[in-house]
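A short worksheet on the structure shown next.
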Amino acid sequence: MRVSDDLFQLIKSMSKSEKGYFKKFASKHTIGEKNIYVKLFDAIEKMEAYDESVIKKKFSGEKFAEKLYSTKNYLFNLILKALSSYHAEKFVVSRLNMMMIELNVLFEKGLYKQFKTLLNKAISIASENEKPFYLALLYNKALTSVATDYYTDYDEFDYDKLKREALGNLDKLSINEQYHILYNDMFMFTKETGNVRNESDLEKLNSIFSNPLLQDESLAVTFDAKFKLYTVLGHYYRIVDDKINWLKYRKRLVGLMESEKKYIRENPRSYILALNNYLHACVYTGMNEEFEENLKKLKVFAKQFENKKEYIDIQSRIFMLTSDLELNFSIKSLNFENLRSIIDNIESGFKKFGAMISENRKISLYNRLAYACFLIREYGNSLLYLNRILNATNSKIEPEQHIFARIRSLIVHFEAGNYDLLEYSVRTTRRFLERSNRIFKFEKLILKFITLAVNYSDDEQRLALYGRLKEDISRLQDDKFEKNILEQFDFVSWIDSKIMNTAMLNVLKKKAV
């Protein structure tokens, strides 16, 4: 049975002040047992990597070591309670949750005057911060109090006003939830389907986009509704390759967040992701100056999290996103001289952050790294990154990432001259694509080309084969179901490099002139 290191990761994520607060908290909440939990906390905090055998040996003979699993579980929950208390005033939602508890206490004790004062304060906070869910709960408390005659000074005018506000808030809450469902629908589509490759995919996508809430932007009144609207439309226009609107809605989302500084303070991860998506749109639309300006903004924003253990997750996320952005920008802007140094920096980051980076976060970067290595003719390294994708065990990996890695792997093996491996690789790739119901025109062309090319030894035959492949691929660039996959790898330029017997980099540079 695998030993969980959840407690170790939680302790290692804590700042110095959080650790100090926990020890004070533990002394107040574990009377008679405080030393047990603080001792275990200190022992785990000193470890570089979690090793349960070391813990058992250190505390051999102590009663709690005999039931270490339950002791660790209690300590984990105790730390969470301490951190919740420590950060209670930092987040609006935390404050409102605490006020809800306080309102229940005042109401149960019959302190109705104090209850009303706190209720009005809570409603004001929830209203100012656009929290319709909490407003619904608070209005419910207010209406309950009116109905049971606990507000002796609540006249008819006040009741009518309260009723209007409560009903109006329910409308906002309903619309917010509908936008949230659309947001999740789009998220599931991108995770399960990826690019639109056939009519069935397009039908699914259009069933989301045709929703009236996405057609009439004036319906998005609250911050949360606008957030979901801009996010969904950004994803939609990226998938259908409408670059102008893709950039437009990615930029709008960043602008929306920057208009609410409090939101950014409470949700830095969300802001970082929005900037990342906007920057990728800048890359693909050729907005180079805009890209460089906003990448600098992202890096400046990131500085506040540097060298702080409690923000290790944010640090690893920023590392992954900025690495991917810089690699993508260098490839798209033909700045190939920087590729090797960027790759080296990324590998250093992998070592630094290690297990903090989830497999899913690494996958898209592996594909980009594989392409970068291919461009600078490091075919062995390119295959190394592709194999990391193909050997990944996480079933939640986006299907398009896995499929594209398989196709690209065939190209790299062909370029590297590994013809003895290709017959088997083509066969297994075809089986995988057919099982996944994701074998389309592009995939069929590549599989057919590789099958024929490895059996041609005559240069003229191969040249003719390259020519036919180029014509076929060029036609796909106008196919609405196929053109998106060609964005990730310039197959036409690769074919031209084979026809002209030169490096692909030279072809790309020549085309850019």
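So the sequence shown is numbered by the numbering used here: it starts at 11 and just counts up by one. Cβ coordinates follow ideal geometry from the N, Cα and C atoms, glycine included. All values derive from a computational prediction rather than experimental measurement.
- Excluding its 5 nearest sequence neighbours in each direction, V242 has C-beta neighbours in its own chain below 7 Å: L192, Y193, M196 and L224, listed in chain order.
- With respect to the 8 Å criterion, V464 and E433 are classified as neighbours on the basis of their beta carbons.
- Residues of the same chain with a CB within less than 7 Å of the CB of K238, apart from the 5 flanking positions on each side, are Y189, H190, L192 and Y193 in chain order.
- If you draw a 10 Å sphere on the C-beta of N179, you find 16 or more other C-beta atoms in it, and that means buried.
- For D489, the secondary structure class from DSSP, reduced to helix, strand or coil, is coil.
- When D500, K520 and I495 are compared, the shortest CA-CA separation from V206 is found for I495.
- For a cut-off of 8 Å, the C-beta gap from A75 to K66 is around 6 Å, short enough to register as a contact.
- Only residues of its own chain outside the window of five on either side were considered, and among them Y376 have a CB closer than 6 Å to the CB of R398, listed in chain order.
- G30 is classed as exposed because its beta carbon has fewer than 16 other beta carbons within 10 Å across all chains shown.
- In the three-state reduction of the DSSP assignment, A59 falls in the coil class.
- A distance below 8 Å separates the beta carbons of Y240 and R262.
- Taking each of A132, F363, S280 and L344 in turn and checking the Cα distance to L385, the smallest one comes out for L344.
- Restricting attention to L285, Q314, A312 and L457, the CA atom closest to the CA of F301 is found in L285.
- With a threshold of 16 other beta carbon atoms within 10 Å, G359 meets it and is buried.
- Straight across, the Cα-Cα distance linking F35 with I89 is about 9 Å.
- Here the alpha carbons of M330 and K362 stand approximately 12 Å from one another.
- Taking 8 Å as the cut-off, the beta carbon of L337 is found closer than this to the beta carbon of A382.
- In this structure, S446 places its C-beta atom within 8 Å of the C-beta atom of P409.
- Within the model, the alpha-carbon separation for K26 versus I341 is close to 41 Å.
- DSSP places V231 outside both helix and strand once states are collapsed to three, so it counts as coil.
- The Cβ-Cβ distance between L145 and A136 falls below 8 Å.
- Close CB contacts of R260 within its chain, under the 7 Å cut and outside five residues either way in sequence, are with G244, N287, Y288 and A291 (chain order).
- In this model, L116 and Y321 are separated by some 37 Å (Cα to Cα).
- DSSP, read as helix, strand or coil, puts Q325 in helix.
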